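**Student:**
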Amino acid sequence: MHTNEVTVRFCETDALGHVNNTSYFIYFEEARVQFIASLGYGMDVKDWRFILASTKCEFKSQGYFDQVLKVETYITRIGTKSFELEHRISCAQTGVLIAVGNAVVVYFDFENQVSAAIPDDMRREMEKHLVAEEGRV
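In structure tokens:
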């Protein structure tokens, strides 16, 4: 599992005073990028190997300006050419669950514009972060 924190900026809130629903997808994206980097894959866009196939978010409670959010990211499925990530966002101070997200990421060959098999060395590293079905929320 990979964990990072984000402090909610004023611009990420809406007229109702809570985190705007679109901001959670930004938090998920940052968590995905950091997670992939933690696997040893660089952030050089000339050598980027991943595309987002789908993403979703379930809102559990509200987040607010200046709140510190903890974003936990882990793998729930590893396929031949794709893998699935789960994200849990909670208040860093109280532990209250705020949002749960999901993303399907495809290993991609940009030169040929096709999906590609996940390399064995990457698969082995990813398996260290795999959480079984019963561990999911």
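Just so you know, we're using UniProt numbering here: the sequence shown kicks off at 1 and counts up by one.
Using N, Cα and C, we set each Cβ at its ideal position, and we do this for glycine too.
Being a predicted model, the structure only gives us computed values, none of them experimental.
Whole angstroms are fine: how far does the CA of Lys56 sit from the CA of Glu5?
**Tutor:** Indexing the sequence shown from 1 puts residue 5 at position 5. Indexing the sequence shown from 1 puts residue 56 at position 56. Glu5 and Lys56: Cα-Cα distance of roughly 20 Å.
**Student:** Would you report the Cα separation of His2 and Ala15, rounded to the nearest angstrom?
**Tutor:** Residue numbering aside, residue 2 sits at position 2 when the sequence shown is read from its first letter. Residue numbering aside, residue 15 sits at position 15 when the sequence shown is read from its first letter. So the two alpha carbons sit approximately 32 Å from each other.
**Student:** Measure the C-alpha to C-alpha separation of Thr76 and Gly42 and round it to an integer number of angstroms.
**Tutor:** Here residue 76 corresponds to residue number 76 of the sequence shown, with the count starting at 1. Here residue 42 corresponds to residue number 42 of the sequence shown, with the count starting at 1. The alpha-carbon atoms of Thr76 and Gly42 are separated by roughly 22 Å.
**Student:** Phe108: buried (16+ other C-beta within 10 angstroms of its C-beta) or exposed?
**Tutor:** One-based indexing of the sequence shown puts residue 108 at position 108. The residue in question, Phe108, is buried, as its Cβ has 16 or more Cβ neighbours within 10 Å.
**Student:** Would the segment 115 to 131 and the segment 89 to 104 be scored as touching if the rule is three or more Cβ pairs under 8 Å?
**Tutor:** In short, these stretches do not touch, since the Cβ pair count stays below three.
**Student:** Taking the alpha-carbon positions, what's the Val100 to Glu30 distance?
**Tutor:** For the purposes of this step, residue 100 is taken as residue 100 along the sequence shown, with counting starting at 1. For the purposes of this step, residue 30 is taken as residue 30 along the sequence shown, with counting starting at 1. Near 15 Å, if we compare the C-alpha coordinates of Glu30 and Val100.
**Student:** Quick check on the DSSP output: what are the complete beta strand (DSSP E) runs of length 3 or more inside the segment 75 to 130, in order along the chain?
**Tutor:** Counting whole runs of 3 or more residues, the segment 75 to 130 contains the beta strand (DSSP E) stretches 82 to 91 and 97 to 109.
**Student:** Whose C-beta lies closer than 6 Å to the C-beta of Glu84 among residues of the same chain, with five residues either side of it excluded?
**Tutor:** The residue you call residue 84 lines up with position 84 of the sequence shown. Only Thr76, Arg77 and Val104 meet the Cβ criterion.
**Student:** In three-state terms, what does DSSP make of Arg136?
**Tutor:** Counting from one through the sequence shown, the residue named residue 136 turns up at place 136. With a pLDDT of only 48 at Arg136, under the threshold of 50, the placement of this residue in the model should not be trusted; the figure read from the coordinates follows. If DSSP states are grouped into helix, strand and coil, Arg136 belongs with coil.
**Student:** Hey, which unbroken runs of the alpha helix (DSSP H) at 4 residues or more fall wholly within the segment 7 to 51?
**Tutor:** If we require 4 residues or more, the alpha helix (DSSP H) runs fully inside the segment 7 to 51 come out as 21 to 38.
**Student:** Measure the alpha-carbon distance for Lys60 versus Glu125 and round it to whole angstroms.
**Tutor:** Taking the first residue of the sequence shown as position 1, residue 60 is located at position 60. Taking the first residue of the sequence shown as position 1, residue 125 is located at position 125. Answer to the nearest angstrom: the Cα atoms are 31 Å apart.
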